[in-house]
Amino acid sequence: MIKNKKSLWREYLRENCLDSYRDYRRINNKIVTVVRNLRKEFERGVVNSGPKSFYSYIRQQLSSTVSVPPSLKDDNNSITNDQEKVANIFAKQFEKSFVVEPPNTVIPTMQMPRVINAIESVTISPDIVCKTLKTFSDTTSMGPDSLPSILLKQCSNILSHQLAHIMNVSLKTGTLPQEWKEAHVTPIYKKR
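Residue numbering for the sequence shown follows my numbering, starting at 365 and increasing by one per position.
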């Protein structure tokens with residue numbers, strides 16, 4: 365069909381005949397319809413094949429990636445490529461997101477439902493947490509904590525001990541902090 369379309373277009377340009385143009389438009393419209401239908405069929409297959417391939421296709425269509433930049437502007441508005449300075453700039457940015465409490469501040473208790481049958485025999489090791497963090501995708505978007513997954517992945521050795529401790533306390537007490545139940549949900553438009 366595409367070869368036929370091209371030859372009709374050349375014929376129209378050569379002869380300037382209205383019939384050739386009408387034939388060209390008819391074939392072109394047919395090709396557009398076939399391509400649309402094939403694309404819809406392909407996208408239906410992607411949706412039905414599972415969430416991993418679906419989100420992979422969405423990421424491919426959006427063409428956005430998340431990565432740690434090799435250079436950043438420092439406080440003096442000069443660009444730095446030094447990795448240690450880039451890390452410190454990130455640290456300052458994260459520091460702005462948190463409030464430092466005075467040393468004697470009483471931390472309020474969170475209202476969480478108590479679980480009567482606590483799990484006692486499960487212990488999460490820092491190694492398991494570290495291995496899990498290293499499997500995170502570099503392109504996954506941030507959650508409610510505003511920490512990009514690439515940061516968690518690259519800092520997994522440092523963070524794994526503290527995260528394992530928090531998880532073990534949660535399992536031992538049978539409570540789950542409300543913050544762990546929060547998530548960003550992004551609706552994705554679905555064509556009919």
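For glycine and all other residues, C-beta sits at the position ideal for the given N, C-alpha and C.
Could you spell out where the alpha helix (DSSP H) holding residue i opens and where it closes?
i, result
"Asn401", "382-412"
"Arg378", "366-379"
"Phe500", "No alpha helix (DSSP H) contains Phe500, which DSSP labels as neither H nor E."
"Thr487", "From DSSP, Thr487 is part of no alpha helix (DSSP H); its letter is neither H nor E."
"Asn521", "520-537"
"Ile471", "No alpha helix (DSSP H) holds Ile471; DSSP gives it neither H nor E."
"Leu426", "415-426"
Taking residue i as the reference, give the member of the options with the closest Cα.
i, options, result
"Leu540", "Gly507, Asn368, Ile480, Asn521", "Ile480"
"Ile522", "Ser420, Lys498, Gln457", "Lys498"
"Arg390", "Val411, Asn368, Val470, Gln447", "Asn368"
"Thr487", "Lys536, Arg403, Cys381, Gln424", "Lys536"
"Lys628", "Glu448, Ile492, His529, Asp502", "Since the displayed the chain opens at 365 and closes at 556, residue 628 lies outside it and no answer follows."
"Asp528", "Thr550, Ile492, Gln542", "Reading off the sequence shown, one finds Ala at residue 528, where the question assumed Asp. Out of Thr550, Ile492, Gln542, Ile492 has the C-alpha closest to the C-alpha of Ala528."
"Gln526", "Pro490, Thr397, Gln447, Lys545", "Pro490"
"Gly538", "Ser485, Ser524, Val549, Thr397", "Ser485"
"Met474", "Glu379, Arg378, Trp544", "Trp544"
"Gln542", "Val549, Asn380, Arg478, Phe500", "Arg478"
When the Cα atoms are used, what is the spatial distance from residue i to residue j?
i, j, result
"Val399", "Lys370", "17 Å"
"Met531", "Pro512", "20 Å"
"Ser505", "Leu372", "48 Å"
"Met476", "Val533", "14 Å"
"Val470", "Phe458", "23 Å"
"Asn401", "Phe454", "47 Å"
"Glu405", "Leu382", "35 Å"
"Glu379", "Val396", "25 Å"
"Arg403", "Gln425", "13 Å"
"Ile468", "Lys460", "Correcting the residue identity first, residue 468 is Asn in this sequence and not Ile. In a straight line, the C-alpha of Asn468 is about 21 Å away from that of Lys460."
"Tyr421", "Val549", "18 Å"
"Tyr419", "Ser510", "20 Å"
Whose C-beta lies closer than 7 Å to the C-beta of residue i among residues of the same chain, with five residues either side of it excluded?
i, result
"Ser520", "Cys494, Leu497, Lys498"
"Thr444", "Ser435, Leu436, Asp438, Val450"
"Ser384", "Leu372, Glu375, Tyr376"
"Arg423", "Thr503"
"Ser524", "Pro490, Val493, Cys494, Leu497"
By Cβ distance below 8 Å, which residues in the same chain neighbour residue i in space, the five residues on each side in sequence not counted?
i, result
"Ala547", "Gly507, Pro508"
"Asn452", "none"
Excluding sequence positions up to five away, which residues of its chain have a Cβ less than 6 Å from the Cβ of residue i?
i, result
"Asp387", "Leu372"
inquiry  = Quick test of the definition: if touching needs 3 or more C-beta pairs under 8 Å, does the region 379-394 touch the region 411-422?
reply    = Counting C-beta pairs with one atom in each stretch, the region 379-394 and the region 411-422 have fewer than three that are closer than 8 Å, which means they do not touch.
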